[in-house]
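Engineer: Structure provided below as structure tokens; questions to follow.
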Amino acid sequence: MRPALRKKQRRNLRAALLFISPWIIGAAVFTVWPIAYSGYLSLTDYDVINAPEFIGLDNYREMVEDPKVRTALWNTTFFTAILVPLQIIFSLSLAILLNEVGRAAGFFRTAFYLPNMTPPVAVGVMLLLLFNGQNGLVNEVLGFFGIDGPNWTTDGPWIKPGLIGMSLWSVGSTVIILLAALRNVPAEMHDSARVDGANWWQRTVKITIPMISGTIFFLVIVNTIAGFQSFTEAYTAYFGSAYSNEAALFYAIYLFQQAFEFLEMGYASALAWLLFVIIMVITAIQFVVSKRYVYYEGGD
1 MRPALRKKQR
11 RNLRAALLFI
21 SPWIIGAAVF
31 TVWPIAYSGY
41 LSLTDYDVIN
51 APEFIGLDNY
61 REMVEDPKVR
71 TALWNTTFFT
81 AILVPLQIIF
91 SLSLAILLNE
101 VGRAAGFFRT
111 AFYLPNMTPP
121 VAVGVMLLLL
131 FNGQNGLVNE
141 VLGFFGIDGP
151 NWTTDGPWIK
161 PGLIGMSLWS
171 VGSTVIILLA
181 ALRNVPAEMH
191 DSARVDGANW
201 WQRTVKITIP
211 MISGTIFFLV
221 IVNTIAGFQS
231 FTEAYTAYFG
241 SAYSNEAALF
251 YAIYLFQQAF
261 EFLEMGYASA
271 LAWLLFVIIM
281 VITAIQFVVS
291 KRYVYYEGGD
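So for the sequence shown, the UniProt record's numbering puts the first residue at 1; every next one is plus one.
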């Protein structure tokens with residue numbers, strides 16, 4: 001009986017491997033191999049045209065001395081550190097409102113998600129139109145309230161706030177995920193708290209947010225990774241033409257320039273590995289911190 005059982009298990013294993021073999025081959029060819037090869041390229045001087053020349057850790061030493069790496073890291077970190085909390089707060093506020101509107105929620109879900117369908121290049125162009133310091137719509141609205149708006153697209157200190165404001169345009173997917181989490185919060189818990197005299201704010205802080213903290217944690221991780229990889233909107237607005245501004249020089253943009261404008265593929269690979277390590281470290285820190293603040297149903 002046991003040999004027959006082992007034979008059946010081996011047969012099932014072969015069948016399972018056969019079914020998932022397209023994914024295994026695809027992952028090996030298009031993910032694992034490029035990652036491994038980029039690690040090798042990061043140790044070489046490679047200009048795409050000539051064969052890679054092994055130079056050891058010289059690319060990493062150059063990164064330490066490159067002032068643009070520090071500028072790009074600062075811009076990206078500042079952008080992400082401000083954007084992610086705003087995305088969560090803004091999206092959670094909209095999701096809570098949607099959770100209260102009843103039958104109209106379907107229409108508003110669609111309306112909030114539609115901006116996610118806008119191509120990132122179009123968002124970059126829209127940024128220049130809306131945040132133009134002379135005749136942009138944002139400054140026109142501020143002027144209506146007697147506020148003299150800044151030059152969002154040319155003054156260095158205001159460029160990143162403008163990019164952050166424009167990025168809030170596409171929070172629809174985050175809103176939908178949070179709305180799904182809110183609808184899984186047991187209504188009985190709110191009813192019990194209401195009977196005990198808890199007001200809306202107390203129920204939100206003490207019940208709703210803890211119950212969806214796992215979803216919030218997931219979104220913080222995903223949006224943080226996306227923030228560190230921000231590229232298209234800023235590149236379209238500030239580097240797609242002859243005009244450029246270092247206040248909008250994000251890390252992914254500098255990596256792209258090194259790889260495809262200057263053909264420093266080895267140096268760009270080293271930059272990519274540094275970004276990978278930074279994201280891994282930040283994610284690990286977030287997981288450690290989450291043990292104190294994230295509630296998992298059924299956990300200890």
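Built from N, CA and C at the ideal position, the CB exists for glycine as well.
#1: Beta-carbon of M117 versus every beta-carbon of chain E: anything under 8 Å?
#2: For D45, does the three-state DSSP call read helix, strand or coil?
#3: Using a threshold of 8 Å, state whether the C-beta atoms of S42 and S213 are closer than that.
#4: Does the Cβ-Cβ distance between P150 and G133 come in under 8 Å?
#5: Residue range of the alpha helix (DSSP H) that W74 falls in?
#6: In three-state terms, what does DSSP make of E53?
#7: Compute the Euclidean distance between the alpha carbons of D300 and Y293, then round it to the nearest angstrom.
#8: As an exercise, report each continuous alpha helix (DSSP H) stretch of at least 4 residues that is fully enclosed by the segment 128–167, in chain order.
#9: Confirm, please, whether the CB-CB distance from A36 to Y254 is below 8 Å.
#10: Could you pull the start and end residues of the alpha helix (DSSP H) that N223 belongs to?
#11: Three-state secondary structure (DSSP) at G26?
#12: So, F131 versus V138, is the Cβ gap smaller than 8 Å?
#13: For L179, which residues of its own chain have a beta-carbon under 8 Å away from its beta-carbon, when the five flanking residues on both sides are left out?
#14: Using CA coordinates, which residue listed in G102, N75, S290, F30 is at the minimum distance from S216?
#15: Under the rule that 16 or more other beta-carbon atoms within 10 Å means buried, what is V220, buried or exposed?
#16: When DSSP labels each residue in this structure, what does R183 get in the three-state scheme?
#17: Below 8 Å on the Cβ atoms is my guess for G172 versus L114; work out the distance and round it to an integer in Å.
#18: Short of 7 Å in beta carbon distance, which residues of its chain neighbour L168, apart from the five on each side in sequence? Order them along the chain.
#19: Taking DSSP as the reference, what is the three-state secondary structure of E62?
#20: Taking just the CA atoms, how far does Y46 sit from P52?
Structural biologist: Let me lay it out:
#1: Of the chains in the structure shown, none is chain E; there is only one protein chain.
#2: strand
#3: no
#4: yes
#5: 67–100
#6: strand
#7: Residue placement at D300 cannot be trusted, given a pLDDT of 49 that sits under 50; what the coordinates show is reported in the next sentence. Roughly 13 Å separates the two Cα atoms.
#8: 137–144, 156–167
#9: no
#10: 213–228
#11: helix
#12: yes
#13: A95, L98, N99, A105, R109
#14: The sequence given here has Ile at residue 216, not Ser. I216 has its Cα closest to that of S290, out of G102, N75, S290, F30.
#15: buried
#16: coil
#17: 7 Å
#18: L86, Q87, F90
#19: helix
#20: 4 Å
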